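This report refers to the structure that appears directly beneath it.
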Amino acid sequence: MELNLLSCTAQRPDKRGIANCLAEFATNGNTSLANEFMEMLLEGDIIDIVVDYGHSGSALRALRKLGIDYEIVE
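Just so we're aligned, residue 371 is where the sequence shown starts under this note's numbering, counting upward by one.
Here it is in structure tokens:
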């Protein structure tokens, strides 16, 4: 499933939580790439990630919990 991460609406974003979430659920995720994506997201850039369908429900719940607005592309 392809997602566009639009923004983070949390007043105090959990940077480590966001990076861990991206590293865990993105199919091409690794720690350094997840940290780059987290910084870009917090700066206001839209991030495109691909999530394995087996983990899609967990990923969407984690994103909502972290205050990340997303859009399902596929």
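Heads up, the beta-carbon is just placed ideally off N, CA and C, and yes, glycines get one too.
Source: prediction; values computed, not measured.
- The Cβ-Cβ distance between THR401 and ASP422 does not fall below 8 Å.
- Nearest to LYS435 by alpha-carbon distance, out of ILE419, ARG382, ILE442, is ARG382.
- The beta-carbon distance between ILE442 and MET371, rounded to whole angstroms, is 7 Å. This is short enough to meet the 8 Å contact definition.
- By the criterion of a C-beta distance shorter than 7 Å, TYR440 is surrounded in its chain by LEU373, ASN374, LEU375, LEU376, LEU433, once the five residues flanking it on both sides are discounted.
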